[in-house]
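For the sequence shown, the positions run 1 to 1250 when full-length UniProt numbering is used.
Let me begin by presenting the structure, written as structure tokens, before commenting on it.
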Amino acid sequence: MNIKKKKFLLVTVCAVVFMIAGLWKFYQVYAANSDYWFFYESAIQEGAEIELKQAEDSIIVKCEAGMEISGTDTVTWESSDTNVLEVKGGNASDPLNPNPMIAKLTRKGPGYSKVTAIIKKGTTYYTLTCKVKVDYKVDKSIAPFQPIFTTDLQDNYTMLLSGNVGDPVEAVKLKYTNADNGTLTSTQMTWRSLDTNVIEIDNTTGKMTIKGAGETDIEVSTNSTLKEEPITKTFKVIVEPKARLNESDSYTTNLTKETNVFPLNIYTNAISAQKLFWQIYDTDFKPVPSGKISYSLDSNKFIINGAKAGTYFIRGYIKEDYKPSELKENIRGNVGFIQLKLTVPIKVNDRDKTIIMNVGDTYSIEDNTNIDSYEKFSIDYSNTAIANDSQGIIKAMEVGETTVTLTVLGSTSTPPESYSFTIKVIDGIALNYSSVKIYTSGTIQLDAYVTNKVAPIVWTSDKPAVATVDKNGLVTGVSQGTAIISASQTINGVVKTATCTVNVQPSVNKIAIDPATVTLNANEKTTLTATVEPAELNNVHLKWVSSNETVVKVDKAYDLSATIQGLAPGAAVITAINEENVVVGYCHVTVKDKVSKITLSNTSLTLALSKKTYQLTATVTPDTAVNKKINWRSTNTQVATVDSNGLVTLAAGGTTSIIATSDDNPAVTAICNITVQVSTSGIVLDETTKTMDVGDTVRLGYVITPTNAANKNVTWSSSNTTVATVDSSGLVKAVAPGQAVITVKTSDGSLSATCTITVKQKATGIKLDVTDLELFVNQTYELKATVTPANSDKDDFTWESSNTTVATVDEDGVVTAVAAGSATITVKTSNGKIAYCYVTVKEQITGIQLNYKEKNIVKGDKFTLKATIVPSSAADEVSIKWSSSKTSVATVSASGVVTGIKGGTTVITCKTDDGRFTTYCVVTVVERVTSVTLNKSNIPVGLGKSYTLKATVKSNAATKPKLKWSSSNSRIATVDSNGRVSGKAIGTVTITAAAQDGSKAKDTCIIRVVKQATSISISKTSVTTVEGRSFKLTAKVNPSNATYKTLNWSSSDEKVAIVDSKGNVTAIAEGTVTIKATAKDNSGKVATCFVIVQKRTPANSVTIINQNLTMVVGETTTVQKAINPTTSTDRFTWESDNKTVASVNSSTGTVTARTPGIANITVMTESGKTATTKVTVVGLNTTNLVLEQYSTYQLTVIGITSGITWDVADNDIAVVSNGLVSSRRTGTTTITATVNGRRLTCRLQVVKIR
């Protein structure tokens, strides 16, 4: 067998071995993993669960003896959820963990993750899995979490909230189970409230909003990829109950009320009052038996429908479990509750009248009062002979009058609580009045009480000019004076007479109310004033009445004035009545609902610009409001405009806010934030044609324009899925030979792009036209490759040489002989089919060499070039030809002798006679130098640094002779043969460059060796400013002992901004520019500031959002502004016109209340636009008051005279009316004045009369 056949057989055998090895690798098996197991604190069964209790830990793969990994064995580690757990296996290059059988576990967030280790041992794979739990808990160590019961451990703490409905509550902190504080920042959580009537919660952020009193559980769960096993934690939230007696009052937990007028409403902050547990106690905190008080529940109200006289404590708990263990008035417990202390005074039927009884009549105290038992009172009589009682039944004994006094048993008051009325006992005739006062034209009915109902009664007046009386006892006042009215009855000849003294006073004949007509908003108050005629009357007492108290009520009534309050939309008449003669004055009141809220159909929109318009609708609350007009405006009309009906017209991409403002109540607004998105305008594929082999895949990329298009979703399709298919991500797969067009379309189908795919069939075999080839060095031969089958698509071949030092082959199969020897040329198809050609290369002439490649000679000198044939064995009978490229510079003879003619450079060429080989020598003919010039005459060089000087040498023939460089003091600076100067010590030295051709031409440079800057620090690295503005940059040279302290300042574009020598920068025009501060010491150190100059956008308007502020002394608040357009570049300043009352920070708008009074706060933009708001600073004339019992003091609110609501915390201690404080019993309480929602308080101490 010859050598060529042996080589071919060897190659074939190798190919078969490679194929078998590939198939073996393909058919590797995964073995059972009984030989390997996880170890984490202990051995872990396959698929078992472990818990990672610290930030990092390690897990180990252990194995049976003999199964250790080595060599090419590998371990691959994976985590199914990297948001929960990161797994990093060891490797040999990791000095901290070189062992691949050990992996570091790092927690990333709470949840479950499956850890997988794939062990490749030889050709067998083993797989291990376990489930890792990263646990967490709610951080209950901080407020508002606290124990409800004394036995509570911290994990059972409850979140206790006492805020108001609508108040936001930050999400609770979470922490890992072993962490001391809330360090968990994972957002992979879901939050849920089990009772949204108590707490609403954002399911992604966990932020909460209070909705009403009650108790609910909050659940938080992990969102790891093992969805079937979320880790859920629960904590309890309690919103403490509060209540108020009037819907205009603030909510509180402690209420007091003294009344015997029912029903009485308690408004709670719960969605439904039925959610609370209600209990009613007496003063000993024992449950009140049924019948003493009746109540009902309606919506959020606890309604007291009636109550017997006494004191009650009505409490509303979250639930019965949260009652305090000790029931006392001032013991609150851990969970707050509503408490109303209700005092119901005794009410006697007709208590302001005398009770007329005949001898023998009876009167039941329980039936005619609101007491539940006469046994709780002592009953005393001023004359027990007239009347007395038995078991609460009073019996008339004989003619006369007696006063009955009911005194509460066990009363702690001084004097004790008591109530009195009069009983008049008759036997014959008596009148209901013994004396009475009436007014002229006024009347009063006298009634005669008789025991004989048959005998007639005769009525007479002793002075009819003063008062008359008709036959029925109706008395009419005629003129001022006194008259005696008598009622007589004759029985059996006996005349029985009863008299009444009537005092007639002049009376009111006209009442006028100012104003006569009033229009109010709901809850608004105003004062009415009455004028009477004749004007000289004194002590006129008018009764003020509303015809419809559901529309308007009389809030406070006085003799000649009254404060009324609008309650609900409608009309009513306020009447001032002189009850003496029923003269009436009227005021017609109309109550309209003021707009309190605007609700938009949308509060946030994202719209495509192509939509063009969008209709917003506004709903006004309350629906009964009279003026429902809405004023619309856009904060950025370049993005969108809005008309008077809320129709939004889109103009350009960007953001804007549509603001709806109530025409009725401009303080009420609603906002819809709109983002206008740009539509897609084009789509382009990265390839329009593509050739593929059957079975190949490729992913096509695409570009959508514009880049800020809102919707970039696309769909893919193939025109011929039998040739090529495409999936939703643009991955194309070649199926069969042929052509298919792949199309990508935008989601709306309006735009598309295509790529033509040509699929080809790969060859199954390949052969060469020759398998043995002989070539000479540098000879070439193009090998021809043929694929099988013949109808296969043309393939791209890969050509290789086994020895490129002998022969090379290019991509077209062209073989080039390089050197003597042998090489194998291999051709391979793209699918691995191979053919071989064995090449033998023989040596031939490879070149020619000269004894000089370059040579410098002086004009007139000669030298000889010698040519050598390579290899020398190929030099037989080879002749050489010589030539000069410039014979004017130098000539060459046939024997290679070169002669210099004049200064310059020429190329001497040496060539074989057959022209195949050529070589060159560059000859420079030197003439004398005429001058030497250095590029610098004076330059600083840093200590320890270097600088290369450049010399320019001139002569008649542009040659460049060598120079000699020298230093005047090498201790300060040295210079090498290339002009490189090195600084050695601080000082000055002269560097000289001199020609060495004897011409004595030279030049010098003074070098100053300095301490160079190591860095430059600049005050600002980037600035955004506006055309025409200036700012100053400062820069510092480091170190501080650098020789040059000052800098060179420069601008990269002085059309945009300029800078002077002190760093003062002035913006000229819109654009960007770089300002540089450069060191002067040749160190090259630079500091830069990138400046953006914006075009000036003046403000069209400025609006202050906080209008008509009311503040108390010492309070601070920041006034908010809105500049239109929002892109305005204007600066702004704040000013106060009365800094004594209120000052304002000129840049931040923070207002500080100084003294009571009024100040106007103004904001002014750079372009001159202004807006103003009024600030009223209020304060009490005193905040600490001591009064004796039954004395008065006038409190006033300094800074405002109207719109003040007064209240007292304990009206048993004092009462307040229009600021007039009247003290009662001793004690301490708080007087509150409420002005525009601001509460001013005065501490009041009532002491005994001295």
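The C-beta atom is built at its ideal place from N, Cα and C for all residues, glycine as well.
- Residue(s) in a DSSP beta bridge with Arg315: In the DSSP output, where bridge partners are listed per residue, Arg315 has Gln279, Gln339.
- Task: Under the assumption that Phe797 contacts Lys828 (Cβ atoms under 8 Å), give the Cβ distance between them as a whole number of angstroms.
- Result: Indeed they touch by this definition, with Cβ atoms about 7 Å apart.
- Query: Going along the chain, which residues of its own chain have a beta-carbon closer than 8 Å to the beta-carbon of Pro737, five neighbours each way excluded?
  - Reply: Its chain contains Val694, Val723, Val759, Lys760, Gln761, Asp793 as the residues whose beta carbon lies nearer than 8 Å to that of Pro737, once the 5 sequence neighbours on both sides are disregarded; these appear in chain order.
- Query: By DSSP, does Leu23 sit in helix, in strand, or in coil?
  - Reply: Note that Leu23 scores a pLDDT of 35, beneath 50, so its modelled location is shaky and nothing firm can be said.
- In the DSSP assignment, find the beta strand (DSSP E) that holds Pro940 and state where it starts and stops. DSSP places Pro940 in the uninterrupted beta strand (DSSP E) bounded by 938–942.
- Message: I'd like to check one pair, Ala522 with Ala568: are the Cβ atoms closer than 8 Å?
- Response: Taking 8 Å as the cut-off, the Cβ atoms of Ala568 and Ala522 count as close.
- Closer than 7 Å by C-beta to Val466: which residues in its own chain qualify, once you throw out the five before and the five after it? Chain order, please. Excluding residues within five positions, the ones whose Cβ falls inside 7 Å are Val478, Ser479, Gly481, Thr482, Ala483, Val504.
- For the beta strand (DSSP E) containing Tyr419, list its first residue and its last residue. Following the DSSP letters along the chain, one finds Tyr419 inside the beta strand (DSSP E) bounded by residues 418–426.
- Query: Residue range of the beta strand (DSSP E) that Arg1239 falls in?
  - Reply: Note, Arg1239: beta strand (DSSP E), 1238–1247.
- Message: Residues in the same chain with beta-carbon distance under 6 Å from Ala1171, minus the five sequence neighbours each way, listed in chain order, please.
- Response: Shown here for Ala1171: same chain residues with a beta carbon closer than 6 Å to its own, the five before and five after excluded, namely Val1102, Thr1103, Ile1104, Val1163 in chain order.
- Message: By the DSSP assignment, the beta strand (DSSP E) with Phe302 in it spans what residues?
- Response: Boundaries of the beta strand (DSSP E) harbouring Phe302: 301–307, taken from the DSSP string.
- Task: Determine the direct distance from the alpha carbon of Ser801 to that of residue 1251, and round the result to whole angstroms.
- Result: Outside the shown range of the chain, which is 1 to 1250, sits residue 1251, and nothing can be said about it.
- Query: Distance, Cα to Cα, Gly442 vs Gly585?
  - Reply: Straight across, the Cα-Cα distance linking Gly442 with Gly585 is about 17 Å.
- Message: Less than 6 Å between C-beta atoms, sequence neighbours within five positions excluded: which residues of the same chain meet that for Glu170?
- Response: Excluding positions up to five away in sequence, the list is empty.
- Task: Taking Asp727 as part of the beta strand (DSSP E), name the residues at either end of that continuous run.
- Result: Membership of Asp727 in any beta strand (DSSP E) is not indicated, and neither H nor E is assigned to it by DSSP.
- Query: Using the beta-carbon count (16 or more within 10 Å), is Val16 buried or exposed?
  - Reply: Because the pLDDT of Val16 is 39, which lies under 50, any placement of that residue in the model is unreliable, and the question is left without a value.
- Task: Name the residue from Leu1240, Val1144, Ile491, Thr196 whose alpha carbon lies nearest to the alpha carbon of Val458.
- Result: Closest by alpha carbon: Ile491.
- As assigned by DSSP and simplified to three states, the class of Asn503: Residue state, collapsed to three classes: strand.
- Is the Cβ-Cβ distance between Ile574 and Ser546 less than 8 Å? Yes, these two residues count as a Cβ contact at 8 Å.
- Message: According to DSSP, simplified to helix, strand and coil, what is Ser610?
- Response: DSSP places Ser610 in helix when its eight states are reduced to three.
- Item | Rounded separation between Leu184 and Thr746 - CA only | Rounded to the nearest angstrom, the two C-alpha atoms are 41 Å apart.
- Task: Report yes if the CB atom of Lys1248 is closer than 8 Å to the CB atom of Gln1189, and no otherwise.
- Result: Yes. Within cutoff.
- Would you report the Cα separation of Phe277 and Ser604, rounded to the nearest angstrom? It is roughly 41 Å from the alpha-carbon of Phe277 to the alpha-carbon of Ser604.
- Message: For a test of the three-state rule: what should DSSP assign to Ala273, helix, strand or coil?
- Response: Residue state, collapsed to three classes: helix.
- CA-to-CA distance, Thr1025 to Ser719, given in whole angstroms: Here the alpha carbons of Thr1025 and Ser719 stand approximately 56 Å from one another.
- Query: For Ser931, does the three-state DSSP call read helix, strand or coil?
  - Reply: Ser931 falls in the strand class under three-state DSSP.
- Is Ala820 closer than 8 Å to Val839 when the C-beta atoms are compared? Going by C-beta atoms, Val839 is not nearer than 8 Å to Ala820.
- Task: List the DSSP bridge partners of Leu1109.
- Result: Its beta-bridge partners are Val1175.
- Item | Top-ranked residue by Cα proximity to Pro871, from Pro1039, Gln849, Thr1110 | It is Gln849.
- Task: Mark Glu229 as exposed unless 16 or more other C-beta atoms lie within 10 angstroms of its C-beta, in which case mark it buried.
- Result: An exposed status is given to Glu229, since fewer than 16 other beta-carbon atoms sit within 10 Å of its beta-carbon.
- From Phe337 to Ile199, what distance separates their C-alpha atoms? Pairing Phe337 with Ile199, the inter-Cα distance amounts to about 18 Å.
- With distances taken between CB atoms, is the gap from Thr1097 to Thr1127 smaller than 8 Å? Between Thr1097 and Thr1127, the C-beta spacing is below 8 Å.
- CB Gly1219 to CB Gly1199, shorter than 8 Å? Their beta carbons are not under 8 Å apart, which means Gly1219 does not touch Gly1199 by this criterion.
- Task: Using DSSP bridges, identify the partner residues of Ser294.
- Result: Answer is Gly306.
- Do the segment 124–135 and the segment 199–217 meet, that is, are 3 or more Cβ pairs less than 8 Å apart? No, the segment 124–135 does not touch the segment 199–217.
- Query: So which of Tyr176, Ser141, Ile69, Ile148 has the shortest CA-CA distance to Lys108?
  - Reply: Nearest C-alpha to Lys108: Tyr176.
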